[in-house]
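Heads up: the structure comes next, in structure tokens.
4 protein chains.
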Amino acid sequence: MDEELVTELFGETMTLPWKFIVEWITPSEGVIRPIGKVYVSSSSKYQEYLITELADLGKSLILDGKVQSSVSDEFWYHEALVHPTMLSHPNPRRVLIIGGGEGATAREVLKHCSVKEVMMVDLDYEVVKSCREYFGELHQGSFYDPRFELIISDGRVFVESLSKLFDVIIVDVVDPIEGGPATALYTEEFYRALKRILASNGIFVTQAVSPSLYPRIHAIIRNTVTRVFRKVSSYITYVRSYNGLWGFVAGSDKYNPADLTKEEIEKRLSTRLCGKLKFYDSSTHQWMFNIPKPIRETLSRIKEYATDSNKATLQV
Amino acid sequence: MDEELVTELFGETMTLPWKFIVEWITPSEGVIRPIGKVYVSSSSKYQEYLITELADLGKSLILDGKVQSSVSDEFWYHEALVHPTMLSHPNPRRVLIIGGGEGATAREVLKHCSVKEVMMVDLDYEVVKSCREYFGELHQGSFYDPRFELIISDGRVFVESLSKLFDVIIVDVVDPIEGGPATALYTEEFYRALKRILASNGIFVTQAVSPSLYPRIHAIIRNTVTRVFRKVSSYITYVRSYNGLWGFVAGSDKYNPADLTKEEIEKRLSTRLCGKLKFYDSSTHQWMFNIPKPIRETLSRIKEYATDSNKATLQV
Amino acid sequence: MDEELVTELFGETMTLPWKFIVEWITPSEGVIRPIGKVYVSSSSKYQEYLITELADLGKSLILDGKVQSSVSDEFWYHEALVHPTMLSHPNPRRVLIIGGGEGATAREVLKHCSVKEVMMVDLDYEVVKSCREYFGELHQGSFYDPRFELIISDGRVFVESLSKLFDVIIVDVVDPIEGGPATALYTEEFYRALKRILASNGIFVTQAVSPSLYPRIHAIIRNTVTRVFRKVSSYITYVRSYNGLWGFVAGSDKYNPADLTKEEIEKRLSTRLCGKLKFYDSSTHQWMFNIPKPIRETLSRIKEYATDSNKATLQV
Amino acid sequence: MDEELVTELFGETMTLPWKFIVEWITPSEGVIRPIGKVYVSSSSKYQEYLITELADLGKSLILDGKVQSSVSDEFWYHEALVHPTMLSHPNPRRVLIIGGGEGATAREVLKHCSVKEVMMVDLDYEVVKSCREYFGELHQGSFYDPRFELIISDGRVFVESLSKLFDVIIVDVVDPIEGGPATALYTEEFYRALKRILASNGIFVTQAVSPSLYPRIHAIIRNTVTRVFRKVSSYITYVRSYNGLWGFVAGSDKYNPADLTKEEIEKRLSTRLCGKLKFYDSSTHQWMFNIPKPIRETLSRIKEYATDSNKATLQV
């Protein structure tokens, strides 16, 4: 057995790892990972949060037992969330982010030279502050960009009270866990509230859970968006830190990222970006928008949608 | 908490699950899954094998601690392995499978109406026999198809001794684990031996480990195939039972599955198939052959290749 | 790190262990141990059984997820169960064992030269047969001793149908797990049935779960025995394979093992034994019958007892 | 399944537990326990420390992955460590504690009315301070008793520099883990240094690891003490939080706690104690000093002892 493996397992002092997190994919399937250095570990009013080194994933943010971002592959998620929608719009200047506490979604938005204003509305000041202070690898300064504005508020309430218009709205909040803080951000009423503050040629995208692990929830999000917007696309990426495929749903009355050709994507990337991308390009776009058949078929069989009085929620 | 969840966790007799497998993704990251009904559990001369129910995955074959096939998603693997290559060839009649003990690779090959002969060479009679007897969900009768022939032999030795020619050769063997039975099936010398028994317009494909978890090994396989064949493609699928993305490498002097257009794929599928597919179609093909940028870039930095005297091996 | 340790952890082929059992001490505290060579693994009508090598414990019998006996320390249990009671009786000739499927309780009984007849009544022929065939380390031939007789029957039914008398009765059955096969073997009605077939100067003993982990159940067994016999003692041992202290309750109208002096024990051991003991002697006896204060006090506060219509059951 | 159990497993928000510690009993056998509320979690110069709620054990101090004290049963350890030795001495006035950072050993010492002075020497100010601040359940004010004095120092160095004499010396330090902070506190040279500051009728005791799990280390401690003191006793308790039996070694030229009769113990307890005990009394004493035969026999076969140049160390 090579030395490195021993050291990895036993550490330098020859002791076995003894602190672990288990991320439950289902109530009976879990991924176990040793915890290394802990940067911050506490509970806010809304959730338990932990910024720590995790074996293999590296420095990670964990909320209520779910890895939200790890340095090893957060860009597979954040770039997938941001760029297809941003590039679909001809000239995105005003962008609203609901959630996005790590600052990494803002970081990607700010790479688009056209952007004049990024407003980010997050519920949990403690988590935002901890990420800003302890997790510079994620935000890379986006919190201090002059175009960036942070609002601490309930996303739903704030959206309903706003009167200005945005070109792009990005919903980057935790999964609709039963009893969690985000279930009201996945309903038809919420999407209608979003549409009210979206320019008529605006476009919106939301993270939409894993379509392979939780196809019912993903389909419901897509179906719900479809009730509000004329052009809707599901698309997927893979995030190792999330233990599988991950889904998104984009909605607009005008634009559909699925319509972008490889050529058009490369052209826009080369003219509209003021920062480098690690994940997204035209091939990656094809990979994300060509959903494999078993997922397409499973999703097509689900007809439900979510309203405030009939929410769809996850139980792990 | 809903009843179903309780039953899932505790079983009907209210006892907690107590038998588990941990599949180690790395020496410090593992997926833990309860074991249900055991169909067969033994060790052959070459490996330890287990056919059992696994929580969430369903009935599964496990070799030396690695899930090889589970009923929940084996077709994400077997269809990805077989169909791009089979469809690239204009008229595949004689097919050789190295490995493939479950009979599921043969099952997919036999769905192509053109096929006259499938020869499958597997090392481990015990495992083949157990799959044939206890895992009909996988082979679905392929072992008894008149076009099918089973040879129990070391794949390397057998290939070097054969003189007939095949249209398609498919390598479906376990990963090149250090000390495991398959390390000699991933070297330049082996691929040259394969080429000797491949028709001049033939095409070959091998499973090629996870390009995200073990990019060095995947790149080495691709680089090694490139030394022997003129047209080479890496492509990927996702297999939840394998805990991530999974890779393949196809090689030929004549055909490249990456060149198939969506239209051509749909046309060939509609005319050449004698059985239904659950995973593969033209969109799935696009998904598989558009590899996301971070994997492409990682692979492109690795220049090594494997020979008999300088094998590349995995350590978990 | 020493070589032995590496081999222990990784096996000779350098792979990490991947099959485990978790023994749940409570619903949230479990001991995890890798499984080695499996001798037999199946389910009978009554329970799931497994004879396997366990890391650190060695060859072990596991019923429904609970280690029943491991070669490393089964004598801490079996000698503790058998000898205090056998030695208390002046001349034990006829002995009845309820349960005792491994044959190890019979093995200890047969070490007493006075014994002419051992009748063992076990419910589960499959488990008895598997132990007899695969676990000679436990029974050491007791199944083939001419004084030994095996009856496959429900212990409760059999006891109620018997008319002969025994000098000593030993109850060696699984814990009274809710829904398990042994809950009717811990009630007042059962103890009265036992008393009917016990000689007037006979003595009885039952395993009585862990008094530290499950004090309520242990106390209920003691209280229930007290309703039927005039002289009753709780005593304890430690069994690493059971993850803690373990308890027994002896009952008789005539004898109390707690009254035996060190001198008397040594005298009887030296004159009445026809086999060697590894665990029990007069110091061990003192250790077992001097129960530490916190257990005594906890037990003294529990006044419940068990009847057929009001059984006491464990939930893990 | 009862409600309580569900809540215990899932918490009130219905999520599965996701933070765990695994305490490794051996490199391949571990006890897994969910972590609840964390009071403090940090690393000092010497060790990693954690004060947290643990499922089933309650509030606990963990050093380098080993549970040191939990509210559920710390008195099984601390009373076992302190009282046999304190009671053996006719009139203990000056007591030295090496280690004992939680303040619980001092708490027990201060229950003896004769005590005029308790000096506690601990290496790790951070841990002592954290216990003093966050773990009042353990020290119960002992840190603020006017008879108590805290010295932060290396125990070995301090002992070698002292010139005053003590009636009783108690060594309450972590196990001699390879590379850990306490290996120099288990050698012949250390015990000779202790003897120099022990009154001629003084008595000393040290914690001495688990004699069942690590018999070689326990025997070496006993053998080493035997080289320095004329009267030496091994004795044992059980500590669930330590996953098994636990051992101690007492040494003196004058007194041996093993010689105390039940009557003498009860008499001294009733006249010399100024506080209540939960664990120790004369029956508990008999339980502790009658070591079961297999441990006695294993220990008797080990002849090694430890010196500064030939230390005995544990590897987990």
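From first to last, the protein sequence lines are chains A, B, C and D.
Just so you know, the numbering used here puts 21 at position 21 of the first sequence, and the rest follows in order with no gaps.
Just so you know, the numbering used here puts 27 at position 27 of the second sequence, and the rest follows in order with no gaps.
Just so you know, the numbering used here puts 124 at position 124 of the third sequence, and the rest follows in order with no gaps.
Just so you know, the numbering used here puts 61 at position 61 of the fourth sequence, and the rest follows in order with no gaps.
The C-beta atom is built at its ideal place from N, Cα and C for all residues, glycine as well.
Whole-angstrom distance between residue j and residue i, CA atom to CA atom
i, j, result
"phenylalanine 198 of chain C", "tyrosine 46 of chain B", "The amino acid at residue 198 of chain C is misidentified as phenylalanine; the sequence shows leucine. Rounded to the nearest angstrom, the two C-alpha atoms are 57 Å apart."
"methionine 1 of chain B", "leucine 314 of chain A", "Low per-residue confidence applies at methionine 1 of chain B: pLDDT is 29, beneath 50, and the placement is therefore not dependable enough to give any value."
"histidine 218 of chain D", "valine 71 of chain A", "46 Å"
"serine 283 of chain D", "alanine 208 of chain C", "21 Å"
"lysine 267 of chain B", "proline 84 of chain B", "13 Å"
"valine 6 of chain D", "asparagine 310 of chain A", "Confidence in valine 6 of chain D is poor, its pLDDT being 38 and thus under 50, which makes the residue's placement too unreliable to answer from."
"aspartate 122 of chain D", "alanine 106 of chain D", "12 Å"
"phenylalanine 289 of chain D", "serine 241 of chain D", "21 Å"
"serine 28 of chain C", "glycine 180 of chain D", "30 Å"
"isoleucine 203 of chain C", "lysine 262 of chain C", "20 Å"
"histidine 112 of chain D", "arginine 272 of chain C", "47 Å"
"lysine 293 of chain D", "aspartate 281 of chain C", "7 Å"
"valine 128 of chain B", "glutamate 53 of chain C", "26 Å"
Identified DSSP bridge partners for residue i
i, result
"alanine 250 of chain B", "B/Val205, B/Ser233"
"phenylalanine 166 of chain D", "D/Leu198"
"phenylalanine 152 of chain C", "Note that residue 152 of chain C is isoleucine in the sequence shown here, rather than phenylalanine. DSSP, once it has assigned bridges, lists C/Asp122 as partnering isoleucine 152 of chain C."
"aspartate 172 of chain A", "A/Gly99"
"threonine 333 of chain B", "Residue 333 of chain B falls outside the range modelled here, since chain B spans only 1 to 316, and no answer is possible."
"tyrosine 238 of chain C", "C/Leu245"
"leucine 269 of chain B", "In the DSSP output, where bridge partners are listed per residue, leucine 269 of chain B has none listed."
"threonine 307 of chain B", "B/Asn310"
Same chain, Cβ closer than 7 Å to residue i, neighbours up to 5 away in sequence not counted
i, result
"tryptophan 76 of chain A", "Thr237, Tyr238, Val239, Phe279"
"isoleucine 25 of chain D", "Val31, Leu213, Asn243"
Buried versus exposed call for residue i [16 or more other C-beta atoms within 10 Å across all chains shown]
i, result
"isoleucine 151 of chain B", "exposed"
"tyrosine 144 of chain B", "exposed"
"aspartate 259 of chain A", "exposed"
"leucine 165 of chain A", "exposed"
"proline 17 of chain D", "buried"
"aspartate 308 of chain C", "exposed"
"lysine 276 of chain D", "exposed"
"glutamate 323 of chain A", "The structure shown does not extend to residue 323 of chain A, since chain A spans only 1 to 316, so no value can be given for it."
"valine 225 of chain C", "buried"
Extent of the continuous beta strand (DSSP E) run through residue i
i, result
"tryptophan 18 of chain A", "Segment: none, tryptophan 18 of chain A is in no beta strand (DSSP E) and carries neither H nor E."
"threonine 345 of chain B", "Here chain B has residues from 1 to 316 only, and residue 345 of chain B is not among them."
"valine 82 of chain A", "From DSSP, valine 82 of chain A is part of no beta strand (DSSP E) but of the alpha helix (DSSP H) over 74 to 88."
"serine 70 of chain C", "66 to 70"
"serine 60 of chain B", "58 to 63"
Neighbourhood of residue i by C-beta, 8 Å cutoff - its chain only, sequence neighbours within 5 removed
i, result
"glutamate 102 of chain A", "Leu61, Gln68, Ser69, Glu74, Cys131, Phe135, Leu138, His139"
"methionine 14 of chain B", "Low confidence applies here, because methionine 14 of chain B scores a pLDDT of 39, under 50, leaving its location unreliable and the question unanswered by this model."
"glutamate 178 of chain A", "Thr313, Leu314, Gln315"
"glutamate 149 of chain D", "Glu117, Val118, Met119, Met120"
"leucine 81 of chain A", "Thr105, Glu108, Ile170, Asp172, Val205, Gln207, Phe248"
Endpoints, alpha helix (DSSP H) assigned at residue i
i, result
"arginine 33 of chain A", "First-last for arginine 33 of chain A: 29 to 43, but that is the beta strand (DSSP E), not the alpha helix (DSSP H)."
"isoleucine 221 of chain B", "215 to 226"
"serine 283 of chain B", "282 to 289"
"alanine 106 of chain D", "104 to 109"
"lysine 293 of chain D", "293 to 300"
"glutamate 137 of chain D", "136 to 139"
Chain-order list of residues whose beta-carbon lies under 6 Å from that of residue i (same chain, five-residue window excluded)
i, result
"alanine 182 of chain C", "Val173, Val174, Pro176"
"glutamate 12 of chain A", "Note that glutamate 12 of chain A scores a pLDDT of 41, beneath 50, so its modelled location is shaky; the value from the coordinates is reported in the next line. Closer than 6 Å at Cβ, skipping near neighbours: no residue."
"leucine 50 of chain B", "Ser41, Ile62"
"arginine 94 of chain B", "Glu117, Phe166, Asp167"
Checklist line | Near-chain G residues of the region 65 to 83 of chain C (beta-carbon distance less than 7 Å), N- to C-terminal order | finding: Reference to chain G is not applicable here, since the protein chains of this structure are A, B, C and D.
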